[in-house]
Amino acid sequence: MTIANLLKGHEKDLGGGFVVRRYLPSAIKQAVGPFIFFDHFGPVEAPAHADHDVRPHPHIGLSTVTYLFEGAMDHRDSLGTFQRIEPGAVNWMTAGRGIVHSERTPQDLIDIPHRTHGLQLWAALPVAHEEDEPGFCHTPAADIPQLAIDGAVIRVLVGSAFGQTSPVRTYSRTLYLDIVLKAGHVLALNGLPEEAAIYPISGAVEIDGAPLALHNMALLATAEQQRVKATDDGEAHFVVIGGEPLDGHRFMSWNFVSSSKERIVQAGEDWEAQRFPKVPGETEFIPLPVKKPAPSYL
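The sequence shown begins at 1 in the UniProt record's numbering and counts up by one.
Here is the structure:
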């Protein structure tokens with residue numbers, strides 16, 4: 001049995017039928033490699049003149065990784081970055097000592113019915129890099145390595161696999177694969193990192209004969225070869241994430257992650273006092289959530 005545990009995400013409707021399923025952090029496993037946060041949003045159908053904007057908000061101590069299957073969003077941040085995010089591209093934003101960003105529905109999509117579907121992950125920064133300068137890196141879909149093997153189409157979003165290496169730079173060994181596997185086909189996953197998980201986007205898969213249903217994340221018990229099969233019912237679409245374990249405990253509160261509880265408290269005070277840098281063109285402000293529990297260990 002190579003599935004160590006199953007994580008069942010909890011759903012939250014953000015309004016207008018925009019459903020987000022969150023799998024990390026969880027009570028069972030707070031992080032998989034550096035990934036301490038895993039959200040699957042959509043697919044959602046939005047009517048014309050509807051938006052699912054995320055207003056300006058801060059981060060410290062982490063990198064956000066945004067990846068779309070459908071739709072588009074406009075990214076703006078306090079570095080002055082503007083980037084339209086579209087399917088297949090990898091968008092890696094390093095918060096470091098502090099960054100503010102917004103994600104909004106592009107105007108050309110607001111005017112028509114549109115679908116949105118994607119993933120957002122957070123990777124905790126190694127302790128030595130928690131206070132690095134913030135940055136944003138957009139890697140277009142055309143620059144992401146892609147190969148076809150054993151009935152599978154594999155995109156190496158982050159890290160190295162199947163003889164291919166992503167151009168996305170990371171701070172520790174990190175793996176993020178997007179795989180579509182034909183019905184009835186089996187794919188051998190070799191050389192996985194010490195911590196790894198598989199999450200199905202659509203379709204049904206088996207991991208070494210054990211079924212993995214939709215809306216479940218499989219934590220793998222071993223980094224040895226894993227055999228993933230798409231059932232005969234149809235093709236399966238899934239992602240693989242993982243990496244080397246975090247270099248120590250982390251605290252997490254709201255959008256802040258740090259190895260220091262005091263640093264998280266300071267970040268909250270800085271946000272309330274509006275000492276974080278501004279996002280050009282943005283005027284909205286989200287207050288620090290009230291009655292939040294004290295930062296907890298991840």
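The beta carbon of each residue, even a glycine, is placed where N, CA and C say it ideally should be.
Computed from a predicted structure; not experimentally measured.
Bounding residues of the beta strand (DSSP E) (the contiguous stretch that carries residue i)
i, result
"LEU109", "Looking at the DSSP string, LEU109 is not in any beta strand (DSSP E); the run it does join, the alpha helix (DSSP H), is 107 to 110."
"ALA210", "210 to 212"
"GLU284", "Per DSSP, GLU284 belongs to no beta strand (DSSP E) and is neither H nor E."
"HIS117", "114 to 124"
"ASP13", "10 to 13"
"THR189", "One detail in the question is off: residue 189 reads as Leu in this sequence, not Thr. Element bounds for LEU189: 186 to 189."
"VAL156", "152 to 158"
"PHE37", "35 to 46"
"SER202", "195 to 202"
Residue i (DSSP reduced to helix, strand or coil)
i, result
"ILE179", "strand"
"LYS261", "helix"
"GLY242", "strand"
"ASP143", "helix"
"HIS129", "helix"
"GLN225", "coil"
"ASP270", "helix"
"PHE162", "coil"
"GLN83", "strand"
"HIS215", "coil"
"ALA31", "coil"
Where the alpha helix (DSSP H) containing residue i begins and where it ends
i, result
"ARG76", "Per DSSP, ARG76 belongs to no alpha helix (DSSP H); it is in the beta strand (DSSP E), 73 to 77."
Nearest-angstrom beta carbon gap, residue j and residue i [assumed within contact, 8 angstroms]
i, j, result
"LEU175", "VAL240", "7 angstroms"
"ARG115", "VAL44", "7 angstroms"
Cβ-based neighbour list, residue i, same chain, cut-off 8 angstroms, excluding 5 preceding and 5 following
i, result
"GLY248", "VAL127, SER259"
"ILE110", "ALA48, HIS49, ALA50, ASP51"
CB contact flag (residue i, residue j, <7 angstroms)
i, j, result
"VAL156", "PRO145", "yes"
"LEU119", "HIS59", "no"
"ASP232", "ALA183", "yes"
"ILE36", "TRP122", "yes"
"ALA48", "ILE112", "yes"
"GLN225", "ALA188", "yes"
"VAL205", "ALA230", "yes"
"PHE136", "ASP53", "no"
"GLY96", "ASP132", "yes"
"GLY243", "PRO34", "yes"
"GLU194", "ALA223", "yes"
"LEU246", "ALA124", "yes"
"GLY270", "THR2", "Residue identity check: residue 270 is Asp in the sequence provided, not Gly. Not in contact: ASP270 and THR2 (Cβ atoms no closer than 7 angstroms)."
Close beta carbons around residue i, own chain, < 6 angstroms, minus the five adjacent residues each side
i, result
"TYR11", "For the sequence presented, residue 11 should be read as Glu rather than Tyr. Excluding residues within five positions, the ones whose Cβ falls inside 6 angstroms are VAL19, ARG21."
"SER202", "HIS237"
"PHE256", "ILE60, ILE264, ALA267"
"GLU282", "PRO56, SER102"
"LEU214", "PRO200"
"GLN280", "One point to set straight first is that residue 280 is Pro, not Gln, in the sequence displayed. Cβ neighbours of PRO280 beyond the five flanking positions: GLY80."
"ALA4", "LEU219, ALA221"
Close beta carbons around residue i, own chain, < 7 angstroms, minus the five adjacent residues each side
i, result
"THR139", "ALA89, VAL90, PRO167, VAL168"
"SER26", "LEU7"
"TYR171", "LEU125, PRO126, HIS129"
"GLU284", "ARG55, PRO56"
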